[in-house]
């Protein structure tokens with residue numbers, strides 16, 4: 001059976017590509033050394049100390065089918081967090097628990113993207129570079145993905161306002177990640193206001209991926225749903241967040257979507273046929289995590305100290321941009337693949353070529369001249385790895 005054409009042009013995922021790139025290349029390690037893996041965005045800070053106890057108290061609930069949209073306790077806990085963090089009053093029917101936000105970012109397109117927009121195939125706007133599920137979601141609904149470069153000259157955010165009126169008239173969905181993966185840029189309140197006004201003018205939805213929102217340098221990043229609500233246009237935004245980065249619980253696979261009652265109802269309807277709800281014990285842990293901020297503050301402080309390490313070690317590298325939020329460095333190099341091979345072969349340091357997170361448009365891949373470095377190790381390991389990285393890639397600076 002032939003692979004559907006809409007999926008045939010999807011490149012391999014970033015990590016299999018990296019394995020292929022480094023295959024046969026011996027890591028530059030001493031006999032007693034282990035590789036330094038700075039590729040995957042998997043938090044390594046301690047998870048909250050209450051997780052095991054809550055899970056144990058509810059382990060008997062693995063014998064029950066879980067609630068599809070989220071238990072009342074979990075939805076209320078998420079609503080409490082939205083009120084505390086964004087000053088938003090969001091009723092439970094406007095929230096949906098997710099089995100990880102990747103599920104939500106994908107299924108929201110299935111549930112909410114129209115088959116036609118102004119009589120033509122719909123357009124889905126994708127920042128470039130980007131989290132790869134955005135492109136797969138567009139392909140799944142047979143929309144035209146339009147990759148919009150997010151480069152230093154645009155503040156590392158996509159300039160959707162620069163697109164043609166014709167393209168915007170066909171746009172059904174625009175994805176936005178803030179803080180951005182991989183660049184660490186934060187969409188300001190002004191940026192969000194202008195994007196929401198653009199969506200209102202051209203009648204499209206904004207899928208706001210805010211999974212890194214609780215990891216930041218200075219001020220908390222503004223939320224797209226909060227800004228849209230202030231503008232009286234809350235129905236323009238579906239926001240997504242999770243416990244993976246905020247609470248160092250990537251294996252829990254727990255997140256949520258919030259938006260208008262109508263949009264969430266459509267997503268819930270799809271979930272009832274084709275979803276994978278969180279187990280009840282996982283929902284109980286999630287409820288406790290959204291209600292607690294102490295562990296979040298402690299983890300954020302660790303990231304902030306690693307920002308300072310990166311600034312100190314790499315601050316005078318031409319093109320270095322301090323991280324505003326999230327936990328990735330987006331470092332300028334001549335060629336990301338060549339830099340990844342050099343770091344692996346000389347020091348056993350594994351980083352991700354930026355081109356693997358981007359698409360080529362008009363012969364240009366905006367990630368080619370970058371590598372992504374995850375600041376997930378502890379402070380001592382981070383300083384050692386970045387110092388070695390600097391010596392290999394920027395020894396002439």
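Residue numbers (the UniProt record's numbering): 1 to 397. Using N, Cα and C, we set each Cβ at its ideal position, and we do this for glycine too.
Would you mind stating whether residue i and residue j have Cβ atoms separated by less than 8 Å?
i	j	result
residue 180	residue 199	no
residue 143	residue 172	yes
residue 336	residue 305	no
residue 74	residue 381	no
residue 141	residue 113	yes
residue 108	residue 267	yes
residue 309	residue 360	no
residue 72	residue 354	no
residue 256	residue 95	yes
residue 145	residue 124	yes
residue 105	residue 204	no
residue 77	residue 290	yes
residue 188	residue 211	no
residue 225	residue 274	no
residue 239	residue 251	no
residue 43	residue 292	no
residue 356	residue 52	no
Let me know the secondary structure DSSP gives residue i once reduced to three states.
i	result
residue 76	helix
residue 199	helix
residue 166	helix
residue 325	strand
residue 98	strand
residue 188	coil
residue 40	coil
residue 142	coil
residue 215	coil
residue 239	strand
residue 117	strand
residue 382	helix
residue 350	strand
residue 126	strand
residue 317	coil
residue 255	strand
residue 148	strand
residue 51	helix
residue 332	strand
residue 62	helix
residue 180	coil
residue 67	coil
residue 131	coil
residue 359	coil
residue 25	coil
With 16 other CB atoms within 10 Å as the buried threshold, where does residue i fall?
i	result
residue 50	exposed
residue 102	buried
residue 79	buried
residue 264	buried
residue 209	buried
residue 20	exposed
residue 385	buried
residue 318	exposed
residue 139	buried
residue 164	exposed
residue 316	exposed
residue 16	exposed
residue 228	buried
residue 363	exposed
residue 286	buried
residue 130	buried
Looking only at its chain, what residues have a beta carbon closer than 7 Å to the beta carbon of residue i, apart from the 5 residues adjacent to it on each side?
i	result
residue 299	45, 248
residue 231	193, 196
residue 99	253, 276, 277, 278
residue 83	89
residue 403	Residue 403 is absent from the structure shown; the chain starts at 1 and stops at 397.
residue 161	194, 198
Keeping to the same chain, check which residues put their C-beta closer than 8 Å to that of residue i; ignore five residues upstream and five downstream.
i	result
residue 296	214, 246, 247
residue 342	392, 393
residue 169	117, 118, 202
residue 340	18, 21, 22, 350, 351, 352, 353, 371
residue 334	369
Only counting the same chain, and skipping five residues up and downstream in sequence, which positions put a Cβ closer than 6 Å to that of residue i?
i	result
residue 271	68
residue 269	none
residue 366	128, 149, 151, 358
residue 235	260
residue 27	35, 344, 348
Of all the CB atoms in chain D, is at least one closer than 8 Å to the CB of residue i?
i	result
residue 74	Protein chain content of the structure displayed is limited to a single chain, and chain D is not contained in it.
How about the segment 380 to 389 and the segment 341 to 351: do they share at least three Cβ pairs that are nearer than 8 Å?
The segment 380 to 389 vs the segment 341 to 351: in contact.
With three or more beta-carbon pairs closer than 8 Å as the criterion, would you say the segment 78 to 89 touches the segment 130 to 147?
no
Using 8 Å as the Cβ pair cut-off and three pairs as the minimum, do the segment 57 to 72 and the segment 266 to 281 touch?
yes
Say whether the segment 364 to 384 touches the segment 318 to 328, bearing in mind that this needs 3 or more beta-carbon pairs closer than 8 Å, one atom from each stretch.
With a cut-off of 8 Å, the segment 318 to 328 and the segment 364 to 384 count as touching, because enough Cβ pairs lie within range.
Would the segment 313 to 326 count as touching the segment 206 to 222 if we require 3 or more Cβ pairs under 8 Å?
yes
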